[in-house]
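Colleague: Heads up: the sequence shown runs through residues -19 to 366, numbered per the numbering used here. Beta carbons: idealized from backbone N, C-alpha and C, even for Gly. Everything numeric in this text was worked out from a predicted model, so none of it was measured. Shown below is the structure under consideration.
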Amino acid sequence: MTRRDRLMATLQGQPVDRPAVSFYELNGLDERPEDSDPFNIYADPSWRPLIELTRERTDRIVMRSPDFRDGPRDPVVRLSETEVTMRGGSRYTVRRLRLSGGAGSQTRASKVLTCRTRRDPDVNTEWVEEPLLKGAADLEAFLRLPRPAPRRAVDPSAVLEAESALGDAGIVMIDTADPLCLAASLFDMAEYTVVALTERKLFRELLDWFAEALLAETEVISAALPGRLWRIYGPEYASPPYLPPALFPDYVCRYERPMVEAIQRHGGYARIHSHGNLKAILDDIASMGPDGLDPIEPPPQGDVELDYVRERYGESIVLFGNLEVSDIENLATGESVEKVRRALEQGTAGSGRGFVLMPTACPYGRKLSPLTLRNYEAMVEAAQSF
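Listed below in structure tokens is the structure:
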């Protein structure tokens, strides 16, 4: 089978010659060691062997978020003023959202909401130093903004170009947040949990503020790019210990189920992404009718074993996981291989729709250690000989 055929057969619940193996964010297309951008960690020579391994021997899944010709998808970015500065080798981004007083503005002062982030050259992530919303008062001010109109002029070029570059080596996965992710990420984590727990009506208004445009855009993208795998991320914000499971249907299912249906209506496959504890919310996730679930973290990072999920939900859901990237980076290779074999055995046990061996994330530092490289190599060897 080609790598593309193997992945598509897995999504469709058809027989495969062996379990697919993906390195998740690493896809061999977006990591460009020749790029001299100071923020490109993959330019370090230590990454080159892993990039080549990814290109040559993994079932590649490339994530893309299509843009729109009539403006950016993120309504907060769309409405913000952005300022970027360099300091001490790091890149600082400030977004300012200016709110008018609105109706009754004689008594309501205008307000400026500010978000600050930092990107360091040796770490492939963006740190939030100041969240946009600092509490319920800021949320009330934010909600005076009119709800964003959905964008409709899809630009499919990013997806089509990636598919052309991949050929038979893999597939493209369309990537999108859900309303909960967009809402929760406006706060720091502590303030988010307080507001979501104590200001439920107000927080639901925020979810509604994002949801209408997001659902319409999901429908438009699905129609323009039918039959693709999607990843919907955000449900973990409503998983224990952050919020009680009783809120999951209201904060997640209410909004994600229509997104899943829109994707499937056009022949696509909807994969739900949720880190951490799953046991108390698995029935709710299954009730949305998704085609896939990742990354199914094992204890102690999660609270269910892979075979538990396979036995109860594997007939209808393709399981993606469940190797902790921290184990790949830190365990001796013999121990790492044992975890790989355990995941392969549990992920394929009995009957089920399909399984893709996959880490929960990928390393994000500039220097890749020899141990990490060897454990990735051993993962591929174990999967391809399984």
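How would you label Pro52, buried or exposed, when you count the other beta carbons within 10 angstroms and need 16 or more for buried?
Modeller: For this step, residue 52 is matched to residue 72 along the sequence shown. Result: exposed.
Colleague: Report yes if the C-beta distance between Tyr235 and Pro159 is below 7 Å; otherwise report no.
Modeller: Start at 1 with the first residue of the sequence shown, and residue 235 comes out as number 255. Start at 1 with the first residue of the sequence shown, and residue 159 comes out as number 179. In this structure, Pro159 lies closer than 7 Å to Tyr235 by Cβ.
Colleague: Where does Leu223 sit, in a helix, a strand or coil, going by DSSP?
Modeller: For the purposes of this step, residue 223 is taken as the residue at position 243 of the sequence shown. Leu223 falls in the coil class under three-state DSSP.
Colleague: Please confirm whether Thr(-10) and Gly282 have their CB atoms less than 7 Å apart.
Modeller: Start at 1 with the first residue of the sequence shown, and residue -10 comes out as number 10. Start at 1 with the first residue of the sequence shown, and residue 282 comes out as number 302. No. Outside cutoff.
Colleague: Under 8 Å, with one C-beta from each stretch per pair, do the region 106 to 117 and the region 61 to 68 reach the 3-pair mark?
Modeller: As far as the Cβ criterion goes, the region 106 to 117 does not touch the region 61 to 68, which means the pair count is below three.
Colleague: Considering Cα atoms alone, identify which of Glu143, Arg58 and Leu177 is closest to Arg127.
Modeller: Along the sequence shown, one-based indexing puts residue 127 at 147. Checked all of Glu143, Arg58 and Leu177; the closest Cα to Arg127 is Arg58.
Colleague: Could you tell me whether the region 70 to 78 touches the region 175 to 184, using the rule of 3 or more Cβ pairs below 8 Å?
Modeller: No: the two stretches stay apart, fewer than three of their Cβ pairs being nearer than 8 Å.
Colleague: Is Lys347 buried or exposed, if buried means 16 or more other CB atoms sit within 10 Å of its CB?
Modeller: In the sequence shown, residue 347 corresponds to position 367, counting from 1. Exposed, since its Cβ has fewer than 16 Cβ neighbours within 10 Å.
Colleague: In the DSSP assignment, the beta strand (DSSP E) including Gly272 goes from what residue to what residue?
Modeller: Counting from one through the sequence shown, the residue named residue 272 turns up at place 292. Taken as a continuous stretch (DSSP letters only), the beta strand (DSSP E) holding Gly272 covers Gly272 to Pro275.
Colleague: Alpha carbons only, please: which of Val152, Val56, Pro101 and Met153 is nearest the one belonging to Leu123?
Modeller: What you label residue 123 is simply residue 143 of the sequence shown in a count that begins at 1. Nearest of Val152, Val56, Pro101 and Met153 to Leu123, Cα basis: Val56.
Colleague: Taking only three categories from DSSP, how would you classify Arg184?
Modeller: On the sequence shown, residue 184 is found 204 positions in, with the first residue counted as 1. Here Arg184 sits in helix by DSSP.
Colleague: Drop a sphere of 10 angstroms on the beta-carbon of Val139, count the other beta-carbons inside from all chains shown, and report buried for 16 or more, exposed for fewer.
Modeller: Here the question's residue 139 lines up with position 159 in the sequence shown. So Val139 counts as buried.
Colleague: Compute the Euclidean distance between the alpha carbons of Asp135 and Phe48, then round it to the nearest angstrom.
Modeller: Counted from its first residue, the sequence shown places residue 135 at position 155. Counted from its first residue, the sequence shown places residue 48 at position 68. Looking at the two C-alpha atoms, the distance is approximately 5 Å.
Colleague: Does DSSP put Thr105 in a helix, in a strand, or in coil?
Modeller: By 1-based counting over the sequence shown, the position of residue 105 is 125. Reduced to three states, the DSSP call for Thr105 is coil.
Colleague: Would you mind sorting Ser85 into buried or exposed? The rule is 16 or more other CB atoms within 10 Å of its CB.
Modeller: By one-based count along the sequence shown, residue 85 stands at place 105. Any reading at Ser85 needs caution, since the residue's pLDDT is 46, under 50, leaving its predicted position unreliable; the model's value is listed next. With fewer than 16 other Cβ atoms within 10 Å, it is exposed.
Colleague: Report yes if the CB atom of Ala0 is closer than 7 Å to the CB atom of Pro13, and no otherwise.
Modeller: Walking along the sequence shown from the start, residue 0 turns up at place 20. Walking along the sequence shown from the start, residue 13 turns up at place 33. Cβ atoms of Ala0 and Pro13: not closer than 7 Å.
Colleague: Which term fits Asp39, buried or exposed, when burial requires 16 or more other beta carbons within 10 angstroms of its beta carbon?
Modeller: As a first step, residue 39 must be located in the sequence shown, where it is residue number 59. By the neighbour-count rule (16 or more Cβ atoms within 10 Å), Asp39 is buried.
Colleague: Return the chain-ordered list of same chain residues with a C-beta closer than 6 Å to the C-beta of Asp264, the five sequence neighbours on each side being excluded.
Modeller: Along the sequence shown, one-based indexing puts residue 264 at 284. Within the same chain, Asp264 has close Cβ partners Phe228, Pro229 and Cys233.
Colleague: Under 8 Å Cβ to Cβ from Ala142, same chain only, skipping five residues before and after it: list those, please.
Modeller: Here residue 142 refers to the residue found at position 162 of the sequence shown. Taken in chain order, the residues that qualify are Leu9, Val42, Arg44 and Val152.
Colleague: Would you mind working out which of Ala329, Ala250 and Ala176 sits nearest Ser219, comparing C-alpha positions?
Modeller: Counting from one through the sequence shown, the residue named residue 219 turns up at place 239. Comparing Cα positions, the closest option is Ala176.
Colleague: Using three-state DSSP, classify Phe300 as helix, strand or coil.
Modeller: Your numbering for residue 300 matches position 320 in the sequence shown. Phe300 falls in the strand class under three-state DSSP.
Colleague: Please classify Tyr235: does DSSP put it in a helix, a strand, or coil?
Modeller: Position 255 of the sequence shown, counting from 1, holds the residue named residue 235. If DSSP states are grouped into helix, strand and coil, Tyr235 belongs with the helices.
Colleague: What number of angstroms, rounded off, separates the C-alpha of Trp189 from the C-alpha of Thr313?
Modeller: Sequence index remark: in the sequence shown, residue 189 carries index 209 (1-based). Sequence index remark: in the sequence shown, residue 313 carries index 333 (1-based). In a straight line, the C-alpha of Trp189 is about 48 Å away from that of Thr313.
Colleague: For the beta strand (DSSP E) that Lys91 lies in, which residues bound it at each end?
Modeller: Position 111 of the sequence shown, counted from the first residue, corresponds to residue 91. Its beta strand (DSSP E) spans residues Lys91 to Arg99.
Colleague: On the criterion of 16 or more Cβ atoms from any shown chain inside 10 Å, does Ala170 qualify as buried, or is it exposed?
Modeller: As a first step, residue 170 is located in the sequence shown; it is residue number 190 there, counting from the start. It is exposed - the Cβ of Ala170 has fewer than 16 other Cβ atoms within 10 Å.
Colleague: Is the Cβ-Cβ distance between Gly256 and Arg290 less than 7 Å?
Modeller: As a first step, residue 256 is located in the sequence shown; it is residue number 276 there, counting from the start. As a first step, residue 290 is located in the sequence shown; it is residue number 310 there, counting from the start. In this structure, Arg290 does not lie closer than 7 Å to Gly256 by Cβ.
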